[in-house]
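Q:
Protein chains: 2
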Amino acid sequence: MAASAAAPTPVRKRVVIIGGGFAGINAAMGLAKLPVDITLVDRRNHHTFQPLLYQVALAVLSPADIAQPIRGILRDHSNIEVLMDEVVGFDVPNQRVNLQTGAQIEYDYLIVASGSTHSYFGRDDWAPLAPGLKFIEDATEIRRRVLLVFELAERQMQEAGAHPPLNFVIIGGGPTGVELAGAISDIARLYMARDFRHIDPASANVMILEGSPYILGAYPADLQRKAIEQLAKLGVSVRTNSRVTDVQPGYVMIGNERLDSAVTLWAAGVQASPLGKLLGFPTDHRGCVFVDEFLNPPHHPEIFVCGDLAHVEENGRQIPGVAQPAMQMGTYAAKRISRLIARDFHSDGTGLNEPFHYFDKGDMATIGRKAAVANIKWPFKGRWSGFPAWAVWLLVHIFFLIGFRNRLAVFRQWAWTYLTFQDGARLITGSQDLPGWNTNYATQHDPAAADPVDMALPRA
Amino acid sequence: MAASAAAPTPVRKRVVIIGGGFAGINAAMGLAKLPVDITLVDRRNHHTFQPLLYQVALAVLSPADIAQPIRGILRDHSNIEVLMDEVVGFDVPNQRVNLQTGAQIEYDYLIVASGSTHSYFGRDDWAPLAPGLKFIEDATEIRRRVLLVFELAERQMQEAGAHPPLNFVIIGGGPTGVELAGAISDIARLYMARDFRHIDPASANVMILEGSPYILGAYPADLQRKAIEQLAKLGVSVRTNSRVTDVQPGYVMIGNERLDSAVTLWAAGVQASPLGKLLGFPTDHRGCVFVDEFLNPPHHPEIFVCGDLAHVEENGRQIPGVAQPAMQMGTYAAKRISRLIARDFHSDGTGLNEPFHYFDKGDMATIGRKAAVANIKWPFKGRWSGFPAWAVWLLVHIFFLIGFRNRLAVFRQWAWTYLTFQDGARLITGSQDLPGWNTNYATQHDPAAADPVDMALPRA
Chain A
388 MAASAAAPTP VRKRVVIIGG GFAGINAAMG LAKLPVDITL VDRRNHHTFQ
438 PLLYQVALAV LSPADIAQPI RGILRDHSNI EVLMDEVVGF DVPNQRVNLQ
488 TGAQIEYDYL IVASGSTHSY FGRDDWAPLA PGLKFIEDAT EIRRRVLLVF
538 ELAERQMQEA GAHPPLNFVI IGGGPTGVEL AGAISDIARL YMARDFRHID
588 PASANVMILE GSPYILGAYP ADLQRKAIEQ LAKLGVSVRT NSRVTDVQPG
638 YVMIGNERLD SAVTLWAAGV QASPLGKLLG FPTDHRGCVF VDEFLNPPHH
688 PEIFVCGDLA HVEENGRQIP GVAQPAMQMG TYAAKRISRL IARDFHSDGT
738 GLNEPFHYFD KGDMATIGRK AAVANIKWPF KGRWSGFPAW AVWLLVHIFF
788 LIGFRNRLAV FRQWAWTYLT FQDGARLITG SQDLPGWNTN YATQHDPAAA
838 DPVDMALPRA
Chain B
388 MAASAAAPTP VRKRVVIIGG GFAGINAAMG LAKLPVDITL VDRRNHHTFQ
438 PLLYQVALAV LSPADIAQPI RGILRDHSNI EVLMDEVVGF DVPNQRVNLQ
488 TGAQIEYDYL IVASGSTHSY FGRDDWAPLA PGLKFIEDAT EIRRRVLLVF
538 ELAERQMQEA GAHPPLNFVI IGGGPTGVEL AGAISDIARL YMARDFRHID
588 PASANVMILE GSPYILGAYP ADLQRKAIEQ LAKLGVSVRT NSRVTDVQPG
638 YVMIGNERLD SAVTLWAAGV QASPLGKLLG FPTDHRGCVF VDEFLNPPHH
688 PEIFVCGDLA HVEENGRQIP GVAQPAMQMG TYAAKRISRL IARDFHSDGT
738 GLNEPFHYFD KGDMATIGRK AAVANIKWPF KGRWSGFPAW AVWLLVHIFF
788 LIGFRNRLAV FRQWAWTYLT FQDGARLITG SQDLPGWNTN YATQHDPAAA
838 DPVDMALPRA
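Respectively, the protein sequence lines represent chains A and B.
With this note's numbering applied, the first sequence corresponds to residues 388 to 847, in that order.
With this note's numbering applied, the second sequence corresponds to residues 388 to 847, in that order.
#1: Flag S449 (chain A) as yes if its beta-carbon sits less than 8 Å from any beta-carbon of chain B, otherwise no.
#2: Return the residue from the list A:P515, A:N485, A:I412 and A:F522 that minimises the CA-CA distance to Y441 (chain A).
#3: With distances taken from CA atoms, which of A:G637, A:N740 and A:G502 is nearest F681 (chain A)?
#4: CB-CB under 6 Å to Q491 (chain A), same chain, minus the five flanking residues each way: which ones, in chain order?
#5: At which residue ranges does the segment 408-445 of chain A contain complete beta strand (DSSP E) runs of 3 or more residues, listed in the order of the chain?
#6: Return the CA-CA distance between D511 (chain B) and G642 (chain A), expressed in angstroms with no decimal places.
#7: Does any residue of chain A have a CB that is nearer than 8 Å to the CB of A568 (chain B)?
#8: Would you mind working out which of A:Q711, A:V709 and A:G738 sits nearest R723 (chain A), comparing C-alpha positions?
#9: Does any residue of chain B bring its CB to less than 8 Å from the CB of A655 (chain A)?
#10: Just how far apart, CA to CA, sit V469 (chain A) and V657 (chain A)?
#11: On the DSSP letters alone, give me the boundaries of the alpha helix (DSSP H) that Q543 (chain B) sits inside.
#12: Could you check the C-alpha separation between G408 (chain B) and E701 (chain B) for me, to the nearest Å?
#13: Pop quiz: E538 (chain A) and M471 (chain B) are said to be a contact at Cβ under 8 Å. What is the actual Cβ separation, rounded to whole angstroms?
#14: State the CB to CB distance for the pair G769 (chain A) and I763 (chain A), rounded to an integer number of angstroms; the pair is presumed to be in contact (CB under 8 Å).
#15: Determine the chain B residues that contact M544 (chain A) at a beta-carbon separation under 7 Å, and present them in chain order.
#16: Exposed or buried, what is S449 (chain B) when buried is set at 16 or more other beta-carbons lying within 10 Å of its beta-carbon?
#17: Could you list which residues in chain A have their beta carbon closer than 8 Å to that of H433 (chain B), in chain order?
#18: Anyone know if the C-beta pair for Y578 (chain A) and Q809 (chain A) falls short of 8 Å?
#19: Nearest by alpha-carbon distance to F774 (chain A): which of A:G564, A:A758 and A:L782 is it?
#20: Where does G604 (chain B) land, buried or exposed, given buried means 16+ other C-beta within 10 angstroms?
#21: Given this structure, state the Cα-to-Cα distance separating F767 (chain A) from A713 (chain A), to the nearest angstrom.
#22: List the whole-angstrom C-beta distance separating Y496 (chain B) from K400 (chain B), where the pair is believed to meet the contact cut-off of C-beta under 8 Å.
#23: For F746 (chain B) and G823 (chain A), what's the separation of their Cα atoms in angstroms?
#24: Give the DSSP bridge partners of N485 (chain A), in chain order.
#25: List the residues of chain B that E524 (chain A) touches, going by C-beta distances under 8 Å, in chain order.
#26: Give, in chain order, every residue of the segment 483-499 of chain A whose Cβ lies closer than 8 Å to some Cβ of chain B.
#27: For V625 (chain B), tell me which candidate among B:I529, B:D609, B:I558 and B:T651 has the shortest Cα-Cα distance.
#28: Please list the residues of the segment 460-471 of chain A that have a C-beta atom closer than 7 Å to any C-beta atom in chain B, keeping them in chain order.
#29: Measure the CB-CB distance between K664 (chain B) and V760 (chain B) and report whether it falls below 8 Å.
#30: Identify the continuous alpha helix (DSSP H) that holds V783 (chain A) and give its terminal residues.
#31: Anything in chain B within Cβ reach of L534 (chain A), meaning under 9 Å, just list it in chain order.
#32: Determine the DSSP secondary structure at T753 (chain B), reduced to helix, strand or coil.
#33: Might you give, ordered along the chain, the residues of its own chain that have their beta carbon closer than 6 Å to the beta carbon of Q543 (chain B), omitting 5 neighbours on each side?
#34: Is the shortest distance between the beta-carbon of E680 (chain B) and the beta-carbons of chain A less than 8 Å?
#35: Roughly how far, in whole angstroms, is the beta-carbon of G622 (chain A) from the beta-carbon of V593 (chain A), given that I think they are within contact range, below 8 Å?
#36: Note down, in chain order, every chain A residue with its Cβ under 7 Å from the Cβ of D695 (chain B).
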């Protein structure tokens, strides 16, 4: 071996990443080959592929198809450790993160990517009545409620001869609301068709209530129209300019109008994780931290805020809180940290002026099992709808699923479901209560069936 | 068309089946082609393939891999309806079943196959501290606890430099206890090996505590010895003659001896579903209904008790409460009902004297991923252990999984897991509390680490 002039061994920098979502995982991957020690902190043990969470909620996929242990994803990188703990605050001057256990972690660089949660616009009492879709637990709870409605209706038909209407009310007409509505329509019209003897699952009424004049607000007007047409074909009704003023067990209010609802889902508002405010820098009205073109809050080049938690503007428009920009921000933060570290050693400023740029490949939302809208910007430009858009959606989502195992499993399950009309995970677990379900419906509607206690089931 | 002498249209008999386990599903299948109307009642919407539940508990399989909606299994039989409801009693003289909703169902023939549940020998306060394994919810709860222990230990090592011992105590040395122990050892030694930086998952101590002198009491003595040897190879220790006298958060007591336990699991006692007693016929000490050679309680040829709920003796020995006899009893009850109905029409007594006979093909229990004990009685006789027994176990279980979809999914997942050493569903969902986990362990064991609040994580 040739002798070389021994350079002083540099002190290894310590990077702390908060959040194992798209931004956090991509940041960790980007830093994995560098001479740094990385700690990724998350409250949960798994990364969730959120764009497919609605398919878990509607019983097509299993939780493990779209969620993977963070340790498993990062296991081959010996400079990364994963800490399952909850961050409760920051000591920015001393470069430390405070954990709920009372311990602290030191950092040289900090990447905060703790994402967002539902906003009920100050009405947190609505949360148990209208669950939103953010975590695996949300998905299994929505699955429980949706499946339970059909079971309870069948039971009531068998035992009392009538059931309340199968109304599914989705509050919010963004991509999540549209995807949930299409998937509920699928399950009711297609996958359950032959399973019930007394009710007609296809009689389900799926409604989207949107406060603004438009659904899919981020899409061009022609795709918004096409989405409404395709939803109509699935029997999903869309009401725009309809702001929900109250959510109660069994119904919602739009002003003075009461809409019966067997299951109400929340796809309306999003707010940043509370860690944004706890950092102590200015935030917008949703709690997102204002960051500069390097994703840093003011005067703190060692802190990066990425993903949904960051308020980043480009050409005067805020970058949306979806998967693509989160991934890109995570990757950018890792790259910039590598450049900062390189300058430490080499006093060389190359590349450090390169700002973050969101490379927008477009947006897609599925509408049931054969339709979608896609506003594609890369690798070609085009506005697609219907089956071609859905096919593109399918390919892109299989491709981007983290982990080869899950990709195979999801592909197999989709092929099975789309060919055989059998969904994959129609399990009701946990409680069998459904708030607001009207068990007196038969009595109200048929006085002859007044005393269910004394009533034997009629012969089929 | 040729004219035929018109026989009087028989009144269709009504069969009610309670329970969608092995006995109930097999009874329904057996009756599906007969001119009867069948109602299958279950509290849950899914049939569970219980012999593989422990693989869900230990994160190899997903719930949907081993559970299927009962409606889906029976959807092609138009004379079967499924009712998701809970039975609360019987009106035997009037041939009616009482439901918790207040409704009743009439029957001409009744098959009660509501199975069994855990028995804590009068100490129901132990149940939340030592969950047993009967339903999907039990499996995900055990999965949560087992996985959480490793996460909490890793966190405590990172933050405080020490952690309590990774002790897993399994109470009960029957097949379930042995399979759980082997599977925990697998996950600790194999699947988690590369995932942690601070703890050694393989340092887990897995213990089986058995009150009697023998584990696997139903097996021949040589296979019991081989099981203990194979468990020892996996690092599982077995203590026989060790009756647990108390279960507390974080430990169990055997008389005056205290054993620390991070996760305690219950595989000791089983009692019959309460419906056995509610039928009003004599039961044994576990609540199983004494039935005759036709599976009828005394003087009620229209009532069949099947599966775990039945106390059936053959050659002076009670038939065990496992899957094979349950399936056979369900099939037998269906066959006998068809003969009873046929006699109604034809005044012919053929076959009605044929009693139930348990066709015992043998027993098998796995011990981790490459070993098992098998006491095979059909199609050949043999006592196998080690890898050959495990291979047979694998084939048999894939073959008997209800439903083609699940069979494929399970096979794919097993192939993946056994080849790559990666389990399939390592998700922690729900609460992150673990009763009795000692967060002061470091302080007790290392006075220098006395003030965790002021302690930053050490550099790796």
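Glycine is no exception: its CB is placed at the ideal position from the N, C-alpha and C atoms.
A: The answer reads as follows:
#1: yes
#2: A:F522
#3: A:N740
#4: R483 and N485
#5: 423-429 and 433-435
#6: 50 Å
#7: no
#8: A:G738
#9: no
#10: 27 Å
#11: I523 to A547
#12: 23 Å
#13: 4 Å
#14: 5 Å
#15: What M544 (chain A) touches in chain B: nothing, since even the nearest Cβ is about 10 Å away.
#16: buried
#17: R813, L814 and I815
#18: yes
#19: A:A758
#20: exposed
#21: 22 Å
#22: 6 Å
#23: 49 Å
#24: A:G476 and A:Q491
#25: T816 and G817
#26: R483, L486, T488, G489, A490, Q491, I492 and E493
#27: B:I558
#28: R462, E468, L470 and M471
#29: no
#30: G773 to F787
#31: N432 and P456
#32: strand
#33: H550
#34: no
#35: 7 Å
#36: In chain order: nothing, as chain A lies at least about 22 Å away.
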